[in-house]
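Written out as structure tokens, the structure reads:
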């Protein structure tokens, strides 16, 4: 997990700004190394590593919760949507502010909606449906 959402985020960034998607990965890396992320070699790889570590963590949390509550498998679509929204809330209201990296100065509901959609369709729903397939084996 993680490839779908970073791919969607990179594509969205490029389509909206016309700028290099590497800036997204440098932004992620800046959470650890600050402004050096925009000039230091290896920052793009670090951003990708950080992204996949976070995606892996959210995947593990999902699998633990999903396996503890079998009733969730009956509501896969609902669970996938709620999980995507939950990831957005945790990342944008807790994780990103704690890192101290720059955040948008104004609330943009369209941006929030698109970001949540990416998380729903790239993490929440795939996890819910793939875990169901996996648990049948």
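Numbering (the working numbering), first residue to last: 37 to 173. Where a beta carbon is used, it is the ideal one built from N, C-alpha and C, also for glycine. In this text the structure is predicted, and so the values were computed from the model without any measurement.
Checklist line | residue 142 versus residue 148: straight-line alpha-carbon distance, rounded | finding: The residue given as residue 142 occupies position 106 in the chain shown. The residue given as residue 148 occupies position 112 in the chain shown. Their backbone Cα atoms lie some 11 Å apart in a straight line.
Note to self: Could you give the first and the last residue of the continuous alpha helix (DSSP H) run that contains residue 62?
What the structure shows: Numbered from 1 along the chain shown, position 26 holds the residue referred to as residue 62. Here the alpha helix (DSSP H) through residue 62 covers 58-69.
Checklist line | Boundaries (first-last residue) of the alpha helix (DSSP H) holding residue 153 | finding: Along the chain shown, read from residue 1 onward, the residue named residue 153 stands at position 117. That run of the alpha helix (DSSP H) goes 145-155.
Next item on the list: Might you give, ordered along the chain, the residues of its own chain that have their beta carbon closer than 8 Å to the beta carbon of residue 187, omitting 5 neighbours on each side?
Entry: There is simply no residue 187 to check, as the chain begins at 37 and stops at 173 in what is shown.
Next item on the list: Return the residue from the list 88, 117 and 136 that minimises the CA-CA distance to residue 165.
Entry: Reading the chain shown from its first residue, position 129 is the one you call residue 165. Among 88, 117 and 136, the Cα nearest to that of residue 165 is on 117.
Notebook entry, point to check: Are residue 137 and residue 66 close, meaning C-beta to C-beta below 7 Å?
Noted result: By one-based count along the chain shown, residue 137 stands at place 101. By one-based count along the chain shown, residue 66 stands at place 30. Closer than 7 Å, so yes.
Checklist line | 7 Å CB neighbourhood of residue 62 in its chain, flanking five on each side removed | finding: In the chain shown, residue 62 corresponds to position 26, counting from 1. So the list reads 73, 74, 79, 80 and 83, once near-sequence residues are dropped.
Notebook entry, point to check: DSSP on residue 77, reduced to helix/strand/coil?
Noted result: Taking the first residue of the chain shown as 1, we reach residue 77 at position 41. Coil at residue 77, not helix or strand.
Margin query: Once the 5 residues before and after residue 163 are set aside, which same chain residues still bring their CB inside 6 Å of it?
Written below: Here residue 163 is taken as the residue at index 127 of the chain shown, counted from 1. So the qualifying residues of the chain are 98.
Margin query: If I follow the unbroken alpha helix (DSSP H) through residue 134, where does it start and stop?
Written below: Position 98 of the chain shown, counting from 1, holds the residue named residue 134. Taken as a continuous stretch (DSSP letters only), the alpha helix (DSSP H) holding residue 134 covers 132-135.
Checklist line | Whole-angstrom C-beta distance between residue 41 and residue 154, which should lie under 8 Å | finding: As a working mapping, residue 154 is identified with position 118 in the chain shown. As a working mapping, residue 41 is identified with position 5 in the chain shown. Correct: roughly 6 Å between the Cβ atoms.
Note to self: Quick check on DSSP: helix, strand or coil for residue 160?
What the structure shows: For the purposes of this step, residue 160 is identified with residue 124 of the chain shown, where counting begins at 1. Residue state, collapsed to three classes: helix.
Next item on the list: Could you work out which residue in 58, 53, 92 and 68 is closest to residue 39 when comparing CA atoms only?
Entry: Here residue 39 is taken as the residue at index 3 of the chain shown, counted from 1. Answer by Cα proximity: 92.
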